[in-house]
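K.L.:
There's a structure below that I have some questions on.
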Amino acid sequence: MTLPHLADPAGRYRTMRLIRGFEELALEWVRAGHVVGGTHPYIGQEAVAVGVCAALDPADRITSTHRGHGHVLAKGADPGRLLAELAGRTNGLNRGRGGSMHAADLALGILGANGMVGAGAPIAVGAAWASVRLGEPRVAVSFFGDGALNQGVLLESLNLASIWRAPAVFVCENNGYATTLPASAGVGGSAVGRAAAFGIPAVTVDGMDVEAVRRAAEEAVERARTGGGPSFLECLTYRYEAHHTMERRFKLAYRSAEEVAAWRARDPLTAAAAALPDAAALDAEVARLLESAAEFALAGPHPDPAGAADHLYATALEGTAG
């Protein structure tokens with residue numbers, strides 16, 4: 001059973017529009033002071049999250065990144081609760097304690113966004129391995145950026161997934177930059193070459209085309225679910241906004257206006273909308289949804305400072321024999 005909200009082109013477009021609108025609203029909330037600390041905008045990369053999650057079942061798991069709002073929404077998280085999480089409200093997904101970079105919803109298979117580069121990979125491999133041990137046909141997907149390609153924890157995860165033939169799918173969102181460092185200057189070899197070194201099938205796909213991503217993800221997910229082991233997808237994409245909202249304050253200049261314009265001309269939402277007869281109606285529906293989400297989020301209370309130390313330590317743990 002695929003995720004119902006991503007079952008057809010209209011649903012996939014609607015979810016991409018939701019992610020885009022959510023991120024634009026988040027930018028407004030950063031400027032307004034509702035979100036403290038800023039965000040890492042996902043604008044431009046929507047086709048990757050939606051295309052990959054369109055290949056998943058509700059019981060499948062994902063791990064995300066510091067740029068994770070799109071993945072969380074694509075897997076089915078409530079936009080009002082995610083927005084409340086960004087604003088640090090107690091009606092957020094994680095009671096306002098996770099914020100932008102650590103949102104999770106275990107009931108939906110969202111094992112958490114992660115502020116540490118590449119740190120979601122071992123969690124996904126562990127979840128995939130656990131599924132095999134429990135005899136459950138679940139797949140685990142790890143999203144990460146090109147900046148994670150040089151992180152040892154990712155390479156260790158690829159190795160374990162290969163040895164264990166874990167039902168894991170590694171998704172590299174290659175947007176061309178690790179913060180401000182061009183991938184061409186920071187990555188020796190290639191993304192798919194790293195996977196190939198561990199015997200993992202790997203392909204490069206157009207990350208601005210939601211249907212191309214979906215087709216590649218479906219093949220990888222089917223391989224994982226039927227015992228064929230892990231796969232690796234490199235999705236070539238682009239972030240239209242800054243690496244982080246703080247970037248504008250520093251006025252960093254590392255991309256040309258011509259480069260950004262060329263990628264904006266390939267906007268995944270524009271291409272998906274062109275194939276639908278009712279894109280405008282879906283846009284209006286999403287606008288109403290986000291308006292309700294904003295009202296819900298701002299109505300939530302701020303946490304009581306007296307409980308700041310709650311949930312930091314496990315309690316009532318019981319040892320096991322042996």
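First residue of the sequence shown: 1, per our numbering; consecutive thereafter. Ideal Cβ placement from N, Cα and C applies to all residues, glycine included.
#1: With a Cβ-Cβ cutoff of 8 Å, do L83 and A297 count as a contact?
#2: Quick check: what's the CA-CA separation for R215 versus A202?
#3: Going by the C-beta, is P9 closer than 7 Å to any heavy atom of the ligand NAP?
#4: In terms of alpha-carbon separation, which member of R20, A130 and A178 lies closest to G70?
#5: Taking Cβ to Cβ, would you say V210 is nearer than 8 Å to A47?
#6: Apart from the five residues on each side of it in sequence, which residues of its chain come closer than 6 Å, Cβ to Cβ, to I123?
#7: Just to confirm my understanding: we take A77, look at its own chain, exclude 5 residues before and 5 after, and list those with CB closer than 8 Å. What are they?
#8: Measure the C-alpha to C-alpha separation of R194 and G126 and round it to an integer number of angstroms.
#9: If you check the beta carbons only, do T2 and A74 fall under 8 Å apart?
#10: To which residues does DSSP link R61 through a beta bridge?
#11: Between A55 and F143, what straight-line distance do the alpha-carbon atoms span, to the nearest angstrom?
#12: Tell me the rounded alpha-carbon separation between F22 and G147.
#13: Given a cut-off of 8 Å on the beta-carbon distance, is the pair G51 and A217 in contact?
#14: In terms of residue numbering, what span does the beta strand (DSSP E) encompassing L233 cover?
#15: With which residues is Y177 paired in a DSSP beta bridge?
#16: Per DSSP, what kind of secondary structure is F22 in: helix, strand or coil?
#17: Using the three-state DSSP reduction, which class does D331 fall into: helix, strand or coil?
#18: With 16 other CB atoms within 10 Å as the buried threshold, where does E173 fall?
#19: Alpha carbon to alpha carbon, how far is G38 from T320?
P.N.:
A quick look at the data gives this:
#1: Yes, they are a contact pair.
#2: When rounded, the distance between both Cα atoms is 14 Å.
#3: The model depicted lacks the ligand NAP and carries no ligand whatsoever.
#4: If we check each option's Cα against that of G70, R20 comes out closest.
#5: Against a cut-off of 8 Å, the Cβ pair of A47 and V210 comes out as a contact.
#6: Here I123 has T63 and L111 as same chain residues with Cβ atoms under 6 Å from its own Cβ, once five neighbours each way along the sequence are excluded.
#7: Cβ neighbours of A77 beyond the five flanking positions: L93, A103, D105, L108 and I110.
#8: Just so you know, the alpha carbons of R194 and G126 end up roughly 20 Å apart.
#9: Contact flag unset, no.
#10: Checking the DSSP bridge columns, you'll see R61 partnered with A140.
#11: A55 and F143 have their C-alpha atoms roughly 14 Å apart.
#12: Going by the C-alpha atoms only, they are around 24 Å apart.
#13: Yes.
#14: S231 to L236 is the extent of the beta strand (DSSP E) around L233.
#15: According to the DSSP secondary-structure assignment, Y177 is paired through a beta bridge with P182.
#16: Helix at F22.
#17: Only positions 1 to 322 of the chain appear in this structure, which leaves residue 331 out of reach.
#18: That one is buried.
#19: Here the C-alpha atom of G38 lies approximately 43 Å from the C-alpha atom of T320.
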